[in-house]
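This note's numbering numbers the first residue of the sequence shown as 1 and each following residue consecutively.
Yeah, the Cβ is synthetic: ideal placement off N, Cα and C, and Gly gets one too.
Computed from a predicted structure; not experimentally measured.
Below is one structure, written out as structure tokens, with a few remarks after it.
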Amino acid sequence: MLGMQTPMRLEALSERLHELFGLGPVLSLERVHGGYTCQNFRLQTSAGSFFLKQYQNHLRQWVPDIKFAEKHFAGHGVPVVLPVKDRFGRTAFLFDSYWYSLFPFVDGSSPDPASLSKTTLASLGETLADIHLAGHDVRRRTLQTRWMWDRDAFDLEYAELRHALDRKPSFTPLEERMSALLERKAKFVRENQLIPHDFPVAYDHLLHGDFIYPNVFLAPDGKVSHVFDLERTSLGPRSFELARSLLICCCDDGFDARHVEQARAFLAAYRERYPISFDEFMNGMQMFMISCLHATWLEGNYLLHGLNTHVGLFESNERRIDLLGQDPAPFCREVWKAPA
């Protein structure tokens, strides 16, 4: 993962923001935890508080896709937090070679995965369904498609990770687990013959890209009030995002009876709003698990970049692979049942 630079030239940043938004002097800039494809900051100015997002990717198409998705979903009733327009009517601007967006600062709270209420689970499922309904058959030819998995990409990354591990005189318990999981992934990748387009699913939905519990805020009644962080938006099969969102929102910290019941509630709410067949859901779950078995970024952050900020995500992914890596069908049949 490329390093991301904090905009330390506050005086120049203050001038740029005043030029574009008329905000007045920047009084403080505080890093906000979270964000894997961007850096986020709380910006205090003489005009009030704002949320400043610095995008990591420099590709020209990437930021316009995000801005399109934000506007499109908000225009169809999804409660997306929209960026502030500058004096040119734009929702993104360039500063020190990075693209930024300025958002109103929303003082909200995300769901706690350890204590999800039925109301919140239903609202999460309904909101994802609303996103997919709004994103069906979007006509914009330049949108990128969802990245799934690729054997060649895994092989490139595997060699770097294996070399980093082999150089160590001994392993910590975490490194032992990473090494074992990496070899399990390598075996799967060698034997797997399936490519994304072998699955009978259509790439005909504009996806949020990362619809998970940290990327929403809740109203006092427990329902979703704000949706944000669309940095991974793309065209893809809705069943893939449904499977991914269900697992992370409902089973991020385990797979016991409570988690299964949470997944049932989430899925039932989604299906009530936007029906889907079991076969399509099952295809999405298989695709997501194959992508998990090809992914190496969590191990890379720790072994190559010395970052321990994603260890919890590694452990969640390890659990998913342990339970569902061989065959996700039994789990899919369980969560397809009506909630209690």
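Nearest to residue i (by Cα), restricted to the options the options
i	options	result
residue 10	21, 33, 39 and 43	43
residue 242	281, 216 and 273	281
residue 246	235, 150, 237 and 265	265
residue 63	88, 92 and 258	92
residue 277	320, 151 and 337	337
residue 163	191, 183, 173 and 151	183
residue 144	274, 232, 18 and 28	232
residue 285	271, 329 and 65	329
residue 49	74, 13 and 106	106
residue 154	122, 334, 298 and 81	298
residue 237	168, 283 and 302	283
residue 138	32, 159, 76 and 21	76
residue 315	223, 177 and 279	177
residue 47	65, 39, 17 and 30	17
residue 32	142, 302, 214 and 312	214
residue 287	117, 321, 180 and 257	321
residue 251	19, 51, 29 and 116	116
residue 209	190, 223 and 244	244
residue 272	317, 124 and 65	124
residue 15	30, 39 and 45	45
Pair within 8 Å by beta-carbon distance, residue i and residue j
i	j	result
residue 79	residue 70	no
residue 228	residue 293	no
residue 146	residue 207	yes
residue 109	residue 199	no
residue 149	residue 291	yes
residue 300	residue 126	no
residue 267	residue 289	no
residue 239	residue 201	yes
residue 103	residue 67	no
residue 37	residue 56	yes
residue 296	residue 221	no
residue 253	residue 111	no
residue 259	residue 205	no
residue 72	residue 134	yes
residue 95	residue 13	yes
residue 161	residue 175	no
residue 196	residue 261	no
residue 269	residue 122	yes
residue 255	residue 333	no
Reduced DSSP category for residue i - H, G, I as helix; E, B as strand; rest coil
i	result
residue 163	helix
residue 15	helix
residue 236	strand
residue 224	strand
residue 206	strand
residue 20	helix
residue 80	strand
residue 10	helix
residue 339	coil
residue 326	coil
Where the alpha helix (DSSP H) containing residue i begins and where it ends
i	result
residue 26	Per DSSP, residue 26 belongs to no alpha helix (DSSP H); it is in the beta strand (DSSP E), 26 to 32.
residue 330	329 to 336
residue 211	Here residue 211 belongs to no alpha helix (DSSP H), and DSSP marks it neither H nor E.
residue 62	62 to 75
residue 277	Segment: none, residue 277 is in no alpha helix (DSSP H) and carries neither H nor E.
residue 178	173 to 191
Residue i: first and last residue of the uninterrupted beta strand (DSSP E) it sits in
i	result
residue 53	48 to 55
residue 216	216 to 218
residue 39	38 to 45
residue 102	98 to 104
residue 95	93 to 95
Residue i: CB within 7 Å of a non-hydrogen atom of the ligand ATP
i	result
residue 255	The model on display carries no ligand, and the ligand ATP is accordingly not part of it.
So within the segment 115 to 139, which uninterrupted beta strand (DSSP E) runs reach at least 3 residues, ignoring any that extend past its ends?
none
Sequence ranges, alpha helix (DSSP H) only - wholly within the segment 296 to 324, length at least 4
297 to 303 and 311 to 324
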